[in-house]
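> Encoded as structure tokens, here's the structure I'll be asking about.
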Amino acid sequence: MSCESGGSLSILTWNVAGWAPTSALIASHYGDLAEYLQRLQCDVLCIQESKVLTSQLTSAPQDSLGARSAPGWQSYWAFNRGKSKGSNGVATFVRDGPASLSVRSATQDVLGDKDLDDEGRCILTEHGKDGALCVINAYAPVSKMHDDTKAGVASAAAGRKLRFLVALRRRMDALRAAGRRVLLVGDLNLTWRPEDCRLERRLLYVDGDGKVINGPVDLQTRSEDSEDAAQQKLEDLAGTWSSVHQLSSKLGVPAASFQGCGKSYHCVNEPEAAEWLKDLVSGSWVDVFAEVHGAAADRFTCWSQQTNMRYSNSGARLDYAIIDRRSWEEGWVVRSSSELLPGGSEDCSALQAQAALNAATHFGQWHASATKGNARGDGLSLQRDDMRLNDSQFPKQRHTGLIYTPPAYSDHIPVCILLDPRACAALEGGAGGAADSGAPRQALCTSTETRTCQPWLKQQSISSFFGAKKQKVS
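Numbered as in the UniProt record's numbering, the sequence shown ends at 474 without a single skipped number.
This is the structure:
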């Protein structure tokens, strides 16, 4: 980890949806991972859904997906140790720097639940002198509660996801109680604010009489229908949660009529998990993007590629950087201006929905795959190697916000958080700052746990042992 760029520290979190294809594109476009990360101006890269096997990292360095071939970087990995090897997986890449800011220890046994830890969904790295900062890189399970044909499976998945989240919160709180600064980053597969999904996809309840509950107060006036006529139009939606798109189409009113109304998908379909996240960030923890850029419209981190949703910016904010409130209040996070978010222009503030669409499509230059005809599915491949477009991803300056990577790299984009120079100073001083006094802490993780997160080191140790020449006895 380095605090050399003006004393600040840039951390990126990114669901890469498979690190092998993403890293191959990066290598093809920019030569190697180190050059790419240098252009992203980041010091720490946390990836989720790496889908990597241990064997892929213990082969020749040039074939190690950047784990051993990125000069000036170290990496730490969590793997699926269960039956579904090669699924899930997270990794944290850290730039080499002062010893006081290097990784002190690492482990994938984060949750205190062997069954969950074996899935490789979390890695904890301990940074700074005395391990003052703990970074938890997490990939939460998916739960598709809307699938009625597999209701039992969906219910079990929802229960497992909640179990994961509860264990995660328990570990976060324990670390804070022990005096550590804590940063949680990753894909939580959750939304908690209405603003975390597109207006047209927000949900409102239509009661048994066809009345929209908590909808716009003047909905009937806007639809130019009487209340009875409007309710009659919604008869087939009675007793259901319906999207703003459905309601506006049925009633013949603009979707904008529902501004400020509705709930996100997860608040309706995964209420316990969504409530977990709401409770988390309303108490001792801070949702950094929501706090810094709360007024920015339609800023999402994930879109369905199968349905070309990025090109209309119909997505969701599933990826987070969440920091303990004490560190937030002490100014550890740079509150970047929202005008630094990509997509703004002289006649369009970065806070506006149009700016978010501009960023997602690079002002309309990224375009959707064709869905029919001879060019079907060719959209991404045609633009994949257009370096003029690819280079548009790199930020003009380090900031707290979002980086819009090319669509071919992943269906997610990175969230970035910039730590203030005072955070770096506190980490270099040890114990997270003057307020944290006392004897030096012991490392959270054993050396064995840390080496397990770098399996090529274990392999080298074994090779060295068996390859050592026997001394001749005279």
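Built from N, CA and C at the ideal position, the CB exists for glycine as well.
Tell me which same chain residues have a C-beta within less than 6 angstroms of the C-beta of G186, skipping the five on either side of it?
Position 186 of the sequence shown, counted from the start, is the residue given in the question as residue 186. So the qualifying residues of the chain are T13, Q48, N137, A138, Y139.
> If you reduce the DSSP assignment to three classes, tell me which class H127 lands in.
The residue given as residue 127 occupies position 127 in the sequence shown. It is a strand residue.
> State buried or exposed for I322, treating a residue as buried only when at least 16 other CB atoms are found within 10 Å of its CB.
To locate residue 322, count along the sequence shown from 1; it is residue 322. Classification of I322: buried, given that the 10 Å Cβ count is 16 or more.
> Specify whether the stretch 252-268 and the stretch 319-335 touch according to this definition: at least 3 beta carbon pairs, one from each stretch, less than 8 angstroms apart.
no
> According to DSSP, which residues form a beta bridge with A91?
As a first step, residue 91 is located in the sequence shown; it is residue number 91 there, counting from the start. Bridge pairing for A91: I47, W77 [DSSP].
> May I ask you to verify whether the stretch 30-37 touches the stretch 62-69, counting CB pairs closer than 8 angstroms and requiring at least 3?
yes
> Take S87 and list the residues in its own chain whose beta-carbon comes closer than 7 angstroms to its own, dropping the five residues that flank it on each side.
Along the sequence shown, one-based indexing puts residue 87 at 87. Same-chain partners within the cutoff: K51, N80.
> Along the chain, where does the alpha helix (DSSP H) containing D117 start, and where does it finish?
Along the sequence shown, one-based indexing puts residue 117 at 117. Element bounds for D117: 114-117.
> Please report how far the alpha carbon of D127 lies from the alpha carbon of S105, in whole angstroms.
As a first step, residue 127 must be located in the sequence shown, where it is residue number 127. As a first step, residue 105 must be located in the sequence shown, where it is residue number 105. The amino acid at residue 127 is misidentified as Asp; the sequence shows His. Cα to Cα, H127 sits roughly 8 angstroms from S105.
> Would you kindly report the start and end of the unbroken alpha helix (DSSP H) that includes D279?
For this step, residue 279 is matched to residue 279 along the sequence shown. Start and end: 271-281.
> In chain order, which continuous runs of the beta strand (DSSP E) of length 3 or greater are located wholly inside the stretch 294-368?
319-324
> If you draw a straight line from the alpha carbon of S327 to that of D420, how long is it in whole angstroms?
Position 327 of the sequence shown, counting from 1, holds the residue named residue 327. Position 420 of the sequence shown, counting from 1, holds the residue named residue 420. Computed Cα separation, rounded: 10 angstroms.
> Would R325 be called buried (16 or more neighbouring beta carbons within 10 Å of its own) or exposed?
As a first step, residue 325 is located in the sequence shown; it is residue number 325 there, counting from the start. Exposed, by the Cβ-count rule.
> Count the other CB atoms within 10 Å of the CB of T240; is the residue buried (16 or more) or exposed (fewer)?
Taking the sequence shown and counting its residues from 1, the one referred to as residue 240 is at position 240. Exposed: under 16 other Cβ atoms inside 10 Å.
> Report the option in A297, G97, E275 whose CA atom is closest to the CA atom of V166.
Within the sequence shown, numbered from 1, the residue matching residue 166 stands at position 166. Across the set A297, G97, E275, the C-alpha of E275 shows the shortest separation from the C-alpha of V166.
> For A255, name the three-state secondary structure that DSSP assigns.
Locating residue 255 in the sequence shown gives position 255, counting from the first residue. Helix, per DSSP.
> I'd like to check one pair, L168 with L111: are the Cβ atoms closer than 8 angstroms?
For the purposes of this step, residue 111 is identified with residue 111 of the sequence shown, where counting begins at 1. For the purposes of this step, residue 168 is identified with residue 168 of the sequence shown, where counting begins at 1. Cβ distance < 8 angstroms, so L111 and L168 count as in contact.
> Name, in chain order, the residues that DSSP records as bridge partners for I11.
In the sequence shown, residue 11 corresponds to position 11, counting from 1. According to DSSP, which records beta bridges pairwise, I11 is partnered with V44, I417.
> Expressed to the nearest angstrom, what Euclidean distance is found between the alpha-carbon atoms of Q306 and G82?
Taking the first residue of the sequence shown as position 1, residue 306 is located at position 306. Taking the first residue of the sequence shown as position 1, residue 82 is located at position 82. Whole-angstrom Cα-Cα distance: 29 angstroms.
> Tell me the DSSP secondary structure of R169 in three-state form.
The count along the sequence shown starts at 1 and reaches residue 169 at position 169. Reduced to three states, the DSSP call for R169 is helix.
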